[in-house]
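Counting with my numbering, you get residues 15 to 238 for the letters of the sequence shown.
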Amino acid sequence: MRTPLLIINEKNYLEVSGDNALNLAKAAESVATNLGVEIVVAPPIPFLGIVAENVSIPVLSQHTDSFKPGSVTGSIIPELVKSLNVSGSIINHSEKRVQFDELNQIIPRLRDVGLISVICAGTSEEVSRIATLQPDFIAIEPPELIGSGIAVSKAKPEVVSNSVKAAQRVNSKVKVICGAGVVEPKDVAASLKLGAFGVLVASGIVKASNWKKKISELAKPLVI
Ligand code: G3P
Numbered sequence: 015m016r017t018p019l020l021i022i023n024e025k026n027y028l029e030v031s032g033d034n035a036l037n038l039a040k041a042a043e044s045v046a047t048n049l050g051v052e053i054v055v056a057p058p059i060p061f062l063g064i065v066a067e068n069v070s071i072p073v074l075s076q077h078t079d080s081f082k083p084g085s086v087t088g089s090i091i092p093e094l095v096k097s098l099n100v101s102g103s104i105i106n107h108s109e110k111r112v113q114f115d116e117l118n119q120i121i122p123r124l125r126d127v128g129l130i131s132v133i134c135a136g137t138s139e140e141v142s143r144i145a146t147l148q149p150d151f152i153a154i155e156p157p158e159l160i161g162s163g164i165a166v167s168k169a170k171p172e173v174v175s176n177s178v179k180a181a182q183r184v185n186s187k188v189k190v191i192c193g194a195g196v197v198e199p200k201d202v203a204a205s206l207k208l209g210a211f212g213v214l215v216a217s218g219i220v221k222a223s224n225w226k227k228k229i230s231e232l233a234k235p236l237v238i
């Protein structure tokens with residue numbers, strides 16, 4: 015995935031049920047093409063296949079387990095996710111936390127099957143710990159700002175800059191992105207200025223009345 019990037023986490027909002035998971039992804043694809051920027055979508059898991067088959071932009075799973083393929087009912091398996099033409103997976107979102115030991119298992123599992131890892135963290139201390147596991151991306155998202163409409167880059171800019179520095183100290187290859195409360199283009203611009211390689215957005219886009227317009231607004235600061 016190219017940087018800077020905008021990741022749209024569709025979560026499991028009713029607004030993206032049925033055909034709308036793909037409709038939102040199509041809107042993102044259209045903006046990505048028009049502006050020439052990297053936009054990535056993470057649809058609800060039941061729509062992962064249909065979205066990944068029908069858009070050319072990268073698609074992420076919202077979660078994946080480290081289990082091997084086989085008799086593991088109800089789990090989300092890296093090899094099967096990869097078979098859907100999906101690019102990678104978010105792991106450890108604050109709404110889907112996993113143990114550190116599981117992170118230690120899943121990051122190499124994703125790498126081995128050719129999936130990109132986007133590991134969420136709630137604090138810069140957690141960023142440091144996760145960076146030792148060599149994921150591709152770490153997404154810093156203070157849980158209390160998620161869905162608040164108050165951007166992390168505005169409310170807690172030091173959390174973003176400290177996370178960027180923390181990751182750099184441990185592993186200069188890992189790219190830090192940030193999310194929580196991003197609703198305006200200036201939030202995206204501020205995040206990039208603080209050293210983030212991109213942003214994650216959910217409610218600011220999913221709840222907007224015009225998806226394409228909102229995605230376009232938020233993606234414009236990515237144009238270099
Ligand atoms: O994964 C992104 C998400 O947690 C941020 O949510 O609604 O604050 O954009 P939101």
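Glycine included, every Cβ here is placed at the ideal spot set by N, Cα and C.
- Note on Asp79: 16 or more other CB atoms within 10 angstroms of its CB, so buried under the neighbour-count rule.
- In terms of Cβ geometry, Leu124 and Pro92 form a close pair [threshold 8 Å].
- Residue state for Gly161 is assigned as coil, using DSSP reduced to three classes.
- For Asn106, no beta strand (DSSP E) run applies, since DSSP gives it neither H nor E.
- Check the Cα spacing between Glu67 and each of Asn48, Val86, Lys82, Lys40: the tightest is with Lys40.
- Ranked by Cα distance from Ser108, the first of Val65, Ala210, Gly32, Glu155 is Glu155.
- Of all alpha-carbon atoms in Thr17, Arg16, Val55, Met15, the one lying nearest the alpha-carbon of Asn26 is that of Val55.
- Note on Pro83: under 16 other CB atoms within 10 angstroms of its CB, so exposed under the neighbour-count rule.
- With a minimum length of 3 residues, the unbroken runs of beta strand (DSSP E) contained wholly in the region 120 to 159 fall at 130 to 135, 151 to 154.
- The distance from the Cβ of Gly212 to that of Pro18 is about 5 Å, consistent with a contact at the 8 Å cut-off.
- In this structure, the CA atom of Asp126 is about 16 Å from the CA atom of Ile105.
- One thing to note: Ser230 has its Cβ no nearer than 8 Å to the Cβ of Gly195.
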